[in-house]
Structures are given as structure tokens and as C-alpha cells.
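S.K.: Taken in order, the sequence shown gives residues -20 to -1, 1 to 244; the numbers are from mature numbering (1 follows the signal peptide of the UniProt record, and there is no 0).
Note that CB positions come from ideal geometry on N, CA and C, so glycine has one too.
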Amino acid sequence: MHKILIAIFAMLAITTSAKAQSAQDNRARAQYLAAEASYDRGDYEAALRSEEQAREILGQDNALLAAMRVRIYSRQGWVFSARDALEQFYQYDASPELLREIGQVENNLPAPSATAAFDEAVAANRRADYTLAARAYEFACESGEDHGCFGLAYAYSNGLGVEQNGERSVRLYEPLCDAGNEYACANLGSVYLNGGTMPPNYERAAHFWRRACDGGYSLMCWRAGDLYSNPAHGFYDATLATSLLAQGCELRNSESCEALEAIK
């Protein structure tokens, strides 16, 4: 494997002086070897960090680095990431030995699971790979993982990795809210107010924020109370607004306490 590494780095085009290029290659090689060591001891997050640093030092990808990502993702059970890395790997020239190794990894990729897909989506979000995250969230959701549905709903409401679609976001959030997820109720209210692809609906926003408040999400007590206390929205209810603000204050939300004090 180290002979392959040396050969690939030797093929890199020289863009600076020979001495500077040699130093750059040495730093990249050190990061790759660190990635390999982390991989061997099962520290896959550290391996990914070192692999990414090697790419940053080189300013480009290559077959060996892509192969490292394939190996790491396959060990983590992150099938969607592994498949993307495989596509990248096959774009580069690789030795017969490396092709055989990665071919075996590809043949042994596990079937995706709902839990692994959700974990993969979270990791993809952290590295701002929103398209892959949305794909993994969708698989997790369709496989019965509620957290995957929540993540996919958030992606649709904000246009992260998918085309923004407030209606689709609502359809995904509603069952979660009905099941007692106060954060889904809170986000539903936000979609109805700022859904992007839907006209604002203040009354629906207030309704779902109220449900989130009833579920213990104190900030939503203040937001719902604020909407119910404003006659301009067409559903003014001073009694309900006061009740919601009092509820939020009891839950130690400072905005609710301040608003409640202001209307006394």
C-alpha cells in the first residue's frame, strides 16, 4: 500500500518549486499515513479528518484518498457515502492491486439500515454535504426512523440538499407532531409562518406553536402568546395569550415572563 502511495504522489504535477512540492507531498503523505493508522485502530472520524487534511494540502483528490474514504465509510456502515466515494474513486487511475481491494469492499458493502442511514445523514450535515444527507434522511424515514423524517422535513423546509418544499415539509412534520414531538410542532409553526413555498398562515403557526408549548417547549409559549395577543392577525385572544405567556414563564422562558409583565 505504501508503494502505491509513493507512486501516486510522484505523479502529481509540479506547480511550485521542487523543494516546496516535496515538502507539500511529505505533509500530505504524513496525513495519509495518520489516516491509515486511525483506520487500523478503528477511529474512523480521526481517519476522515486526516484524509481530508491530506486532500487540502494537495489541493486535489486522487485514487488513494478516495479509496481511503470508501474503506472508512464501508466500515461505518455509511452506504450512501461509500457509494459516492466509489464514484469518485473510479474517476482516477488506480493500480490493479488497489482496484481489486476496493472492488472487494464494494462487493461487501452492507445493506443500508434505518439507524445507520440516520447517523450517516447527521454526519453528512456536519460536513455540509446536504444532498447526501437528504438522501440518507429519506431512506431512514421510509424505513421507519422518525428522526430521519424530522431531518428530511427540515431539509425540505430550508432547501438543504433538496428543492425547498413547504408542503412536503408539513406532511413530514405533522405525524411527528401528532405523536407528541414538540420540536416537530414548533417547526411546523415556523413552516406555516416562513415556509418559503407557502403563503404565511399566522393562525396555523400559532396553533402548532401552542401545541409545542403544551409539550413543554417554553420558547413556543412566548411565540404563540405573541401571535394570539396581536389583533392584526385576525384571531386575537387575550385570555389565551395570557395563559400561554404564563405557561412559558412557569417553564422559565424569560421572554414569556417579560411579555406577561408588560400586559399586566
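What would DSSP say about Ser234, mapped onto helix, strand or coil?
M.R.: Note: Ser234 maps to helix in three-state DSSP.
S.K.: Residues in its own chain within less than 8 Å of Asp126 by CB, not counting five upstream and five downstream?
M.R.: Taken in chain order, the residues that qualify are Leu156, Ala159 and Asn161.
S.K.: Please classify Ile82 as buried or exposed, where buried requires at least 16 other C-beta atoms within 10 Å of its C-beta.
M.R.: With 16 or more other Cβ atoms within 10 Å, it is buried.
S.K.: Alpha carbon to alpha carbon, how far is Leu168 from Cys129? Give it in angstroms, no decimals.
M.R.: Using only the alpha carbons, I get a separation of about 13 Å.
S.K.: Regarding Leu112 and the ligand FAD, is the C-beta to nearest heavy atom distance less than 6 Å?
M.R.: No copy of the ligand FAD occurs in the structure displayed, which carries no ligand at all.
S.K.: Just how far apart, CA to CA, sit Glu77 and Leu66?
M.R.: Spanning the two alpha carbons is a distance of roughly 16 Å.
S.K.: May I have a chain-ordered list of the alpha helix (DSSP H) segments no shorter than 4 residues that lie completely inside the segment 168 to 239?
M.R.: Listed in chain order, the complete alpha helix (DSSP H) runs (minimum 4 residues) inside the segment 168 to 239 are 182 to 194, 198 to 208 and 218 to 230.
S.K.: Let me confirm a value: Phe215 is counted as buried when at least 16 other C-beta atoms fall within 10 Å, else exposed. Which label applies?
M.R.: Its Cβ having fewer than 16 others within 10 Å, Phe215 is exposed.
S.K.: Exposed or buried, what is Pro92 when buried is set at 16 or more other beta-carbons lying within 10 Å of its beta-carbon?
M.R.: Classification of Pro92: buried, given that the 10 Å Cβ count is 16 or more.
S.K.: Please work out which residues of its chain come closer than 8 Å, Cβ to Cβ, to Tyr24, disregarding the five sequence neighbours upstream and downstream, and give them in chain order.
M.R.: So the list reads Ser18, Ile52, Arg55 and Gln56, once near-sequence residues are dropped.
S.K.: Of all the options Glu36, Ala94 and Gly146, which has the alpha carbon lying nearest to the alpha carbon of Gln4?
M.R.: That would be Glu36, whose Cα lies nearest to the Cα of Gln4.
S.K.: Can you tell me which of the three DSSP states Tyr136 falls into?
M.R.: Residue state, collapsed to three classes: helix.
S.K.: Can Leu225 and Ser234 be called in contact, C-beta distance under 7 Å?
M.R.: No, the pair does not count as a contact, with Cβ atoms beyond the cut-off.
S.K.: For the alpha helix (DSSP H) that contains Glu122, what are its first and last residues?
M.R.: Start and end: Tyr110 to Glu122.
S.K.: Taking the straight line between their C-alpha atoms, what separation do you get for residue 250 and Leu28?
M.R.: Lying outside -20 to 244, the shown extent of the chain, residue 250 is not represented and no answer is given.
S.K.: If we ignore side chains and look at the alpha-carbon of each, how far apart do Tyr182 and Leu38 end up?
M.R.: So the alpha carbons of these two residues sit roughly 52 Å apart.
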